[in-house]
Every structure is written in C-alpha cells, then in structure tokens.
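Using full-length UniProt numbering, the letters of the first sequence correspond one by one to residues 1 to 107.
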Amino acid sequence: MKDFTKKVIETISEIPPGRVASYGQIASIAGNPRAARQVGRILHSMSAKHSLPWHRVVNAKGEVVHFKADRQRELLIKEGVEIDVHGRIKMEQFRWMGPADEDWIRG
DNA sequence: GAACTGACTTGAT
DNA sequence: AATCAAGCCAGTT
C-alpha cells in the first residue's frame, strides 16, 4: 500500500459527522491534488477494510453518484447534512475544509 | 509488466 | 443547465 493510500484513509477518517468532502479535496489533503479518481478507487477497495465513512465523500458537485447513493443520502441527512431537491448537498455550507477546519460554518 | 479501468475534476461548447 | 473532451494516477487483470 502506498503512503498516499494511507493518507487518504487517515484523511477520510478525520471527516467529522455532518460534514462532507469532495474527492479532489481529499486528494489534495493527502498530497496528490490530481489524484481525485484514486480517492474513489481507494474507497471502493479500502472502505470495507478500514470502516471508513465513505458516505461523507462526494463529488465536486455535491452529488452522491454510486450504486449506494440513495442509501447514503439518508445517512447524510441523519447527520444533519441538507440536500437539495436535485439531490445535491449544499457544499457551500457543509464542505469540510480539512483537518484544520475547527471553525465549522462561519456565517 | 503493459494495457485497461474508473466511487473524479476542470474547461470549453 | 447539460454534453463533450482531455488529464490524472492507483488498482486490477
């Protein structure tokens, strides 16, 4: 396993409930801002092995896209994440800025 | 180990 | 807003 993979796992583990992050955001924090696709790939492969909150990871548009999307939207709503009628998360409000994002939503 | 795949992203039309 | 095209790189075959 590469360091990048481990970093991605750690980063995703850092995502607090009620917040979401995009694949590109995770990739950037993990050190490879261009490796957005790999984040998805890593989740697909590693989430079951690392119990990662992969449901808090969405694409840049704030949409959950995979085969379990409908199931996870419910989980996100339960955590307090609001989703538009179009199925899009309000990234403006719920996007996680990274491990240093202690400030929560500012106004 | 080369080719193929894909839980993505950005820019242009 | 929706569609098309190119870039990126780890994992699988």
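Just so it is clear, CB atoms sit at the ideal spot from N, CA and C, and this is done for glycine as well.
According to DSSP, is residue i helix, strand or coil?
{"i": "Ser-22", "result": "strand"}
{"i": "Arg-95", "result": "strand"}
{"i": "Val-8", "result": "helix"}
{"i": "Arg-56", "result": "helix"}
{"i": "Ile-29", "result": "helix"}
{"i": "Ile-105", "result": "Caution applies to Ile-105, whose pLDDT of 44 falls short of 50 and renders its modelled position unreliable; the value that the coordinates give is listed next. In this structure, Ile-105 counts as coil in the three-state DSSP scheme."}
On the premise that residue j lies in contact with residue i, defined as a C-beta separation below 8 Å, what is that separation, rounded to the nearest angstrom?
{"i": "Ile-42", "j": "Thr-5", "result": "5 Å"}
{"i": "Met-91", "j": "Gly-62", "result": "4 Å"}
{"i": "Gly-24", "j": "Pro-33", "result": "7 Å"}
Nearest to residue i by CA position, among the options, is which residue?
{"i": "Lys-2", "options": "Ile-15, Pro-33, Pro-16 and Gln-38", "result": "Gln-38"}
{"i": "Ser-47", "options": "Ile-89, Gly-24, Lys-78 and Ser-13", "result": "Ser-13"}
{"i": "Val-85", "options": "Ile-29, His-66 and Arg-73", "result": "Arg-73"}
{"i": "Lys-68", "options": "Ala-27, Lys-78 and His-44", "result": "His-44"}
{"i": "Arg-88", "options": "Gln-25, Ala-36 and Asn-59", "result": "Asn-59"}
{"i": "His-50", "options": "Ile-9, Ala-100, Gly-40 and Asp-70", "result": "Ile-9"}
{"i": "Gly-80", "options": "Val-64, Pro-99 and Phe-94", "result": "Phe-94"}
Would you mind reading off the limits of the alpha helix (DSSP H) that contains residue i?
{"i": "Ser-47", "result": "36-50"}
{"i": "Asp-70", "result": "69-79"}
How about residue i: is its Cβ closer than 7 Å to a heavy atom in the ligand ADP?
{"i": "Gln-25", "result": "Absence of the ligand ADP is noted for the structure shown, with no ligands found whatsoever."}
With three or more beta-carbon pairs closer than 8 Å as the criterion, would you say the stretch 52-69 touches the stretch 17-25? yes
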